[in-house]
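Trainee: Just so we're aligned: the sequence shown equals residues 21 to 109 in my numbering.
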Amino acid sequence: MKKIKKIGILSLAKIQAFYLGIFGIILSIIYFLAKIFVPEASDIYPRDDFLIFLPLLYALIGFISGAIWAFLYNLISKFTGGVEVEIEK
């Protein structure tokens with residue numbers, strides 16, 4: 021078994037920003053399709069610029085939360101020893 025004792029803060033922040041940015045794109049597509057096929061859906065998000073802003077907002081939230089989680093992991097792993105993982109060669 022090997023232990024993950026430290027996670028790069030910027031590294032995790034970038035990965036989480038990417039994943040949540042993709043999720044934001046998927047949500048924007050779903051909202052866009054809902055506005056086309058379900059007229060009542062336009063009452064929920066009436067502005068179309070929201071659909072462009074949504075992936076950027078999710079990416080920003082992902083970056084910030086990824087940095088926070090990496091920082092907290094690094095802080096806690098000093099006391100707990102880190103997460104054990106098994107790596108196959």
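By construction, the Cβ of each residue, glycine as well, lies at the ideal position given by its N, Cα and C atoms.
Taking DSSP as the reference, what is the three-state secondary structure of Ile81?
Mentor: Residue numbering aside, residue 81 sits at position 61 when the sequence shown is read from its first letter. Helix at Ile81.
Trainee: Relative to the C-alpha of Ile45, which candidate in Gly101, Ser31, Leu76, Val105 has its C-alpha closest?
Mentor: Position 25 of the sequence shown, counted from the first residue, corresponds to residue 45. Closest by alpha carbon: Leu76.
Trainee: With a threshold of 8 Å, are at least 3 pairs of Cβ atoms found where one atom belongs to the stretch 34-50 and the other to the stretch 75-91?
Mentor: Judged by Cβ distances under 8 Å, the stretch 34-50 makes contact with the stretch 75-91, as three or more pairs qualify.
Trainee: Might you give, ordered along the chain, the residues of its own chain that have their beta carbon closer than 8 Å to the beta carbon of Ser48, omitting 5 neighbours on each side?
Mentor: To locate residue 48, count along the sequence shown from 1; it is residue 28. So the list reads Leu71, Ile72, Leu74, Pro75, once near-sequence residues are dropped.
Trainee: Over the uninterrupted beta strand (DSSP E) stretch that includes Lys23, give me the two end residues.
Mentor: Within the sequence shown, the letter at position 3 stands for residue 23. Element bounds for Lys23: 22-24.
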